[in-house]
DNA sequence: TATGAATGAGCCTTCATTCAT
DNA sequence: CATGAATGAAGGCTCATTCAT
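Protein chains in written order, with the working numbering: chain A, -16 to 185; chain B, -16 to 185; chain C, -16 to 185; chain D, -16 to 185.
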């Protein structure tokens, strides 16, 4: 017994699957019902676990938000890396980034919204900045590269511009997918935005 | 009872003072405590009225939001009109608008935040668009005028650009005043943004 | 309407009946089920009020205890005053007090027990002393009077003895009514105690 | 598995150490936090064992109390035996017993309190009497001896008096160490009590 | 219109206990 | 014997809304 036990102890792993299941379930339920209206009971039901088990992994309902936000940002960065080839000229890159942002926003709009409101509810807006940091850095590199290649104006303040770009793009995509009732003009919006950005950085 | 009631009906005047007091109180309490944490009890206490009286003027806690939003937008438009002289060249106007946006955001940041989250909670994001309509229109005029005077590029899609501009400006100001812990770089942020916009519309 | 309203307003009284009903109900339910096992739901059900109403009068379940304790002590003092005539010789007074203590303990044993454990749970044992103060004072007077009449030894420390007397009497009565399974020897216990006290103070 | 088990069975020894560790831990945690607020989790953490292991030794949280009470009484009796020499005159013995009671109460006050409330919660107050039985008997002997030596009055009811004495002493000590905020008058209290007892038994 | 006491549904969290390993 | 993750029942408290006066 001791032997076989210690055998299992060697391979003993804290059940990350369960944590993942909770997270997935939370994203789905939050997206449907919103943050406040969601009961922990709903999350655990969908996750197929007991009420109490939830609190082994997250100490409260709101403690889910940062984890969800990190997951989200991870996805964003992966998609960006996939879609934006390093050898393209700057304006092609902007095209790709804007399109990616719109597509991501369309798909993740509920999660995005819940991250915003979730973090503002918990009062931890700086938390959000910390989570976004890798994305800012990614954009920094892209801009630095463009400055080097003289594709955009030289004196530009990198970090501020990174934030500004990410801001406009997300704002615009939200305009289209969250606020407007009709989605039809997404193409025009994208075009106008791409032009505006490329022009604005010259 | 009916008599005295009808008596008052003769001189019936909607008690704007009381409605106004509720609104003011709501803004102040919401700003401090956030939307969800604010109890109707808090609002009425500060307004100096009874719990039940609240429901004579607003049918629910969330019904306050649109009214608050309208009030906010009204203030914004007034400030813009004050600060942006019609005879200036376009880039001076942008300077003024950007500065105004930052200043307004600094002052109204809590109210802005609560309007966003409030309207998203009530699911009525289109409501928000309706309220912003006058602001969009105001910006439309400004852009049309600039196109006419050949201060910006001709083919520009007016409404999309209006939304985009308002979006970047508010986004950026929120970056500075809500997300960043240090406010010191507001000037640099403003400069970079002004340049970006003027350039982006050329 | 206004008239009739102001008429009622004149006679407007905060519903002390309801507070009393809650207290009565709490005593009865606590006595049956004990402090911890009692649900607020039980109390309000027996009181015939809504769950929320409870919290208009007491801010938590445990906030009931001091009020109950005060009520109890009030009863004790009234009974003592009733039963102990001022003109009796000291040993007759002790007889009366001992008997009263035993009778009261028999009747109120559950309430007594809940007050002890309730106040110790809330950590406010000094609170209990404050509530008992009038009883101590009552006993002080009795002893001072006896000293004056040379019925007990002169150098006695009044307050300490008051506490000691009340202590033994309550302890003994609890022995009989709470700890022992058979109540038959109550008489013998009383006799022994009376003798012990009278002798002890000589 | 079975093999290794039977292997251990050969040298099978009930792990008194672990049971003891649980008991020690329980006493310490109960004393700090009280009975209800103490979680089994707290006990096992301090005992350095797993949650489930607890239930191998005690079938519930409350099952700890009698064991703790027994331990306590054992200590009390040992101290009494140590301090009270058989050859002393009765009043010297009372002096020693009163002092011992006060000292024990000062040291064990939390444990005492938890035994009282613990046994009353479990409804098993008679249990407490059973545990106290050896103490009562010890006192019986002392009184019988004193009667024989004509140090106290002859007709005294032994058992009742034993209970009464133990009661007053513990009550008084608790008064001083649990209820009063200032401990300074312990000496006076002790003196008064000694006199009262010696006198009361004459 | 105004009041504010009363309502009661609703939900988060705790924690004693179990059981598969 | 030992483990500790998992369970899920249970309950205190909140607060938006109502309604009798």
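Here a beta-carbon is modelled for each residue, glycine too, at the ideal position from N, C-alpha and C.
Check: Beta-carbon separation of residue 140/A and residue 82/A under 8 Å?
Finding: With a cutoff of 8 Å on beta-carbon distance, residue 140/A and residue 82/A are scored as not near each other.
Next item on the list: Give the range of the alpha helix (DSSP H) segment to which residue 146/C is assigned.
Entry: Segment 141 to 157, the alpha helix (DSSP H) holding residue 146/C.
Next item on the list: Could you spell out where the alpha helix (DSSP H) holding residue 160/A opens and where it closes?
Entry: Counting along the chain, residue 160/A falls outside any alpha helix (DSSP H), and DSSP gives it neither H nor E.
Item checked: Endpoints, alpha helix (DSSP H) assigned at residue 47/B -> For residue 47/B, the enclosing alpha helix (DSSP H) has its first and last residue at 47 to 66.
Notebook entry, point to check: What distance in whole Å lies between the Cβ atoms of residue 148/A and residue 122/A, which are believed to be in contact at a cut-off of 8 Å?
Noted result: Indeed they touch by this definition, with Cβ atoms about 6 Å apart.
Notebook entry, point to check: If you run the structure through DSSP and keep just helix, strand and coil, what is residue 19/C?
Noted result: Secondary structure of residue 19/C (DSSP, three-state): coil.
Notebook entry, point to check: Would you say residue 180/D faces chain C, with C-beta separation under 8 Å as the test?
Noted result: Yes, because at least one Cβ of chain C sits closer than 8 Å to the Cβ of residue 180/D.
Notebook entry, point to check: In whole angstroms, what is the alpha-carbon distance linking residue 182/C and residue 138/C?
Noted result: Between residue 182/C and residue 138/C, the C-alpha separation is close to 15 Å.
Check: Taking 8 Å as the CB-CB cut-off, is residue 186/A touching chain B?
Finding: Lying before the first or after the last residue shown, residue 186/A is absent from chain A, which here runs from -16 to 185.
Check: Closest to residue 25/C by CA distance: which of 115/C, 44/C, 116/C is it?
Finding: The residue with the shortest Cα to Cα distance from residue 25/C is 44/C.
Check: Cβ of residue 144/A less than 8 Å from any chain B Cβ?
Finding: Judged by the 8 Å Cβ criterion, residue 144/A is in contact with chain B.
Item checked: Distance CB(residue 143/A)-CB(residue 171/B) smaller than 8 Å -> Contact flag set, yes.
Next item on the list: My understanding is that residue 97/D touches residue 162/D, with C-beta atoms under 8 Å, so please give their C-beta distance in whole angstroms.
Entry: Between residue 162/D and residue 97/D the Cβ distance is about 16 Å, and since that is not below 8 Å, they are no contact.
Checklist line | Simplified DSSP assignment, three categories, for residue 82/C | finding: Residue 82/C falls in the helix class under three-state DSSP.
Notebook entry, point to check: Does DSSP put residue 41/A in a helix, in a strand, or in coil?
Noted result: Correct three-state label for residue 41/A: coil.
Next item on the list: Report the neighbours of residue 108/A on chain B: residues whose CB is nearer than 7 Å to its CB, in chain order.
Entry: By Cβ distance, chain B contributes 161, 162.
Notebook entry, point to check: What number of angstroms, rounded off, separates the C-alpha of residue 20/B from the C-alpha of residue 47/B?
Noted result: Roughly 15 Å separates the two Cα atoms.
Note to self: Quick check: what's the CA-CA separation for residue 177/C versus residue 109/C?
What the structure shows: Taking the Cα positions, residue 177/C is about 29 Å away from residue 109/C.
Next item on the list: Quick one: using the 10 Å Cβ neighbour count with 16 as the cut-off for buried, is residue 57/A buried or exposed?
Entry: Classification of residue 57/A: exposed, given that the 10 Å Cβ count is below 16.
Margin query: If you reduce the DSSP assignment to three classes, tell me which class residue 168/D lands in.
Written below: Three-state result, residue 168/D: coil.
Item checked: Endpoints, alpha helix (DSSP H) assigned at residue 120/A -> 108 to 131 is the extent of the alpha helix (DSSP H) around residue 120/A.
Notebook entry, point to check: For chain D, is any of its Cβ atoms less than 8 Å away from the one on residue 100/C?
Noted result: Yes, its Cβ sits closer than 8 Å to a Cβ of chain D.
Notebook entry, point to check: How about residue 12/C: is its C-beta nearer than 8 Å to some C-beta of chain D?
Noted result: Judged by the 8 Å Cβ criterion, residue 12/C is not in contact with chain D.
Notebook entry, point to check: Using a Cβ-Cβ distance under 8 Å, would residue 125/B count as near chain A?
Noted result: No, its Cβ sits nowhere closer than 8 Å to a Cβ of chain A.
Notebook entry, point to check: Can you tell me whether DSSP reads residue 183/B as helix, strand or coil?
Noted result: In this structure, residue 183/B counts as helix in the three-state DSSP scheme.
Margin query: Any beta carbon from chain C within less than 8 Å of residue 111/D's own beta carbon?
Written below: So, interface residue.
Next item on the list: Count the other C-beta atoms from every protein chain shown that fall within 10 angstroms of the C-beta of residue -3/C, then say buried if there are 16 or more, exposed otherwise.
Entry: With a pLDDT of 46 at residue -3/C, under the threshold of 50, the modelled position of that residue is not reliable, and no figure is offered here.
Checklist line | Cβ-based neighbour list, residue -13/A, same chain, cut-off 7 Å, excluding 5 preceding and 5 following | finding: Any reading at residue -13/A needs caution, since the residue's pLDDT is 33, under 50, leaving its predicted position unreliable; the model's value is listed next. Within the same chain, no Cβ atom closer than 7 Å to the Cβ of residue -13/A is found once the five residues on either side in sequence are excluded.
Next item on the list: Determine, using beta carbons only, whether residue 151/C comes closer than 8 Å to chain D.
Entry: Yes, contact with chain D.
Item checked: Alpha-carbon spacing of residue 60/C relative to residue 118/D, whole angstroms -> Roughly 34 Å between the two C-alpha positions.
Margin query: So for residue 101/A, helix, strand or coil by DSSP?
Written below: Three-state result, residue 101/A: helix.
Next item on the list: Please confirm if residue 158/A has its CB atom under 8 Å from at least one CB of chain B.
Entry: Put simply, the CB of residue 158/A is near chain B, with a gap under 8 Å to one of its CB atoms.
Margin query: To the nearest angstrom, how far is the alpha carbon of residue 85/C from that of residue 36/C?
Written below: So the two alpha carbons sit approximately 37 Å from each other.
Check: When Cβ atoms are compared, which residues of the stretch 63 to 88 of chain A fall closer than 9 Å to chain B?
Finding: If the cut-off is 9 Å between Cβ atoms, the stretch 63 to 88 of chain A has nothing near chain B.
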